[in-house]
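Engineer: Could you have a look at this structure, given as structure tokens, before my questions?
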């Protein structure tokens, strides 16, 4: 079973914006090739960082209002939230090593 959870806009507000701890949000679209490329990497990272970082996905096409709120302009965009506030962003497909470094910046 996937540890990366798909969220609606309402779930995003409850899980991410009102959440505690670290949450990595993958803003993606089904038609986005690079988004598909990083999906298995995010699944692996969700296993590796289980209990430390929650990893979720939000469909850009279904929830443009959330993208607009956070200034997301390119896909995939990975945004780290800490206690409901954005604390870091990476745009574009990233190798696992770069994503581990990004996560490590916030878990250290």
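In my numbering, the protein residues as written are 134 to 241.
All C-beta atoms in this analysis are idealised placements derived from N, C-alpha and C, irrespective of residue type, glycine included.
Under DSSP, the alpha helix (DSSP H) around residue 177 begins and ends at which residues?
Structural biologist: Unbroken alpha helix (DSSP H) run through residue 177: 166 to 181.
Engineer: Quick one: is residue 209 buried, meaning 16 or more other Cβ sit within 10 Å of its Cβ, or exposed?
Structural biologist: buried
Engineer: Excluding the five sequence neighbours on either side, which residues of its own chain have a C-beta within less than 6 Å of the C-beta of residue 214, listed in chain order?
Structural biologist: 149 and 156
Engineer: Please state if the CB of residue 175 and the CB of residue 137 are separated by a distance shorter than 8 Å.
Structural biologist: Going by C-beta atoms, residue 137 is nearer than 8 Å to residue 175.
Engineer: From what residue to what residue does the beta strand (DSSP E) around residue 215 run?
Structural biologist: 210 to 215
Engineer: Reducing DSSP to helix, strand and coil, say where residue 202 ends up.
Structural biologist: helix
Engineer: In this structure, does DSSP put residue 149 in helix, strand or coil?
Structural biologist: helix
Engineer: How many whole angstroms separate the CB atoms of residue 194 and residue 162, which I take to be in contact at a CB cut-off of 8 Å?
Structural biologist: 5 Å
Engineer: Return yes when at least one heavy atom of the ligand FMN lies under 7 Å from the C-beta of residue 209, else no.
Structural biologist: The ligand FMN is not among the ligands present in this structure, which contains no ligands whatsoever.
Engineer: With distance defined between alpha-carbon atoms, name the residue in 164, 179 and 158 nearest to residue 223.
Structural biologist: 158
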